[in-house]
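> Residue numbers (the numbering used here): 5 to 157.
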């Protein structure tokens, strides 16, 4: 024991940094990790593409809806303008008709043609205040059936 001083060597009792030992991966596990990473990257790309397509579809749908709304708004404006014009024309024609069919005008026309003047009991006014109603019949086909019949019918 004379040459051994290990009992008094304090270096043996001090905490040391652990040594890192490089372990080799199991080839089967490494291959499986690579396969999973590849599959995950493909799935990520597919999900991103799908989300992009859905977003683009929604944007396209919103644009289409806005275009339709704009077209319908302009069609409504045009129809309202035409309705106002027709209403003005109706009022003008009614006033012209009432001027031509007044009692004085009728009496003048009767006298010019050798007739006797009309008595008040002979005059009947017909009021056509009810407006005509146009009804369109539905042919019973939806848009898909009409498309099918136009393509293959």
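Ideal Cβ positions, reconstructed from N, Cα and C, are used throughout, including at glycine.
1) Indicate the three-state DSSP secondary structure (helix, strand or coil) for residue 125 in the structure shown.
2) If we ignore side chains and look at the alpha-carbon of each, how far apart do residue 37 and residue 15 end up?
3) Where do the N-terminal and C-terminal ends of the alpha helix (DSSP H) with residue 31 fall, by residue?
4) Under the three-state reduction of DSSP, which class applies to residue 132: helix, strand or coil?
5) Output needed for residue 153: all residues of its chain with C-beta closer than 8 angstroms, excluding positions within five of it in sequence on either side, in chain order.
6) Using a Cβ-Cβ cutoff of less than 6 angstroms, which residues in the same chain neighbour residue 109 once the five nearest sequence positions on both sides are dropped?
7) Please report how far the alpha carbon of residue 148 lies from the alpha carbon of residue 96, in whole angstroms.
8) Considering only the beta carbon of each residue, do residue 132 and residue 121 sit closer than 8 angstroms?
9) What did DSSP end up calling residue 107 once you bin it into helix, strand or coil?
10) Give me, in chain order, the residues of the same chain whose beta-carbon lies closer than 7 angstroms to that of residue 59; leave out the 5 immediate sequence neighbours on both sides.
Let me lay it out:
1) On the chain shown, residue 125 is found 121 positions in, with the first residue counted as 1. Residue 125 falls in the helix class under three-state DSSP.
2) The sequence position of residue 37 within the chain shown is 33, counting from 1. The sequence position of residue 15 within the chain shown is 11, counting from 1. The alpha-carbon atoms of residue 37 and residue 15 are separated by roughly 42 angstroms.
3) Position 27 of the chain shown, counted from the first residue, corresponds to residue 31. From DSSP, the alpha helix (DSSP H) with residue 31 extends over 31 to 104.
4) Taking the first residue of the chain shown as 1, we reach residue 132 at position 128. Three-state result, residue 132: coil.
5) Along the chain shown, one-based indexing puts residue 153 at 149. If we look at residue 153 and ignore the five residues flanking it on each side, its Cβ neighbours are 145.
6) Residue 109 sits at position 105 when you count from the first residue of the chain shown. Sequence-distant Cβ neighbours of residue 109 in its own chain, meaning closer than 6 angstroms and more than five residues away, do not exist here.
7) For this step, residue 148 is matched to residue 144 along the chain shown. For this step, residue 96 is matched to residue 92 along the chain shown. Straight-line Cα distance between these residues: approximately 46 angstroms.
8) What you label residue 132 is simply residue 128 of the chain shown in a count that begins at 1. What you label residue 121 is simply residue 117 of the chain shown in a count that begins at 1. Taking 8 angstroms as the Cβ cut-off, residue 132 and residue 121 do not qualify as a contacting pair.
9) Looking up residue 107 in the chain shown gives position 103. Of the three classes helix, strand and coil, the one that applies to residue 107 here is helix, per DSSP.
10) Within the chain shown, numbered from 1, the residue matching residue 59 stands at position 55. Counting only Cβ-Cβ distances below 7 angstroms, and skipping sequence neighbours, we find nothing.
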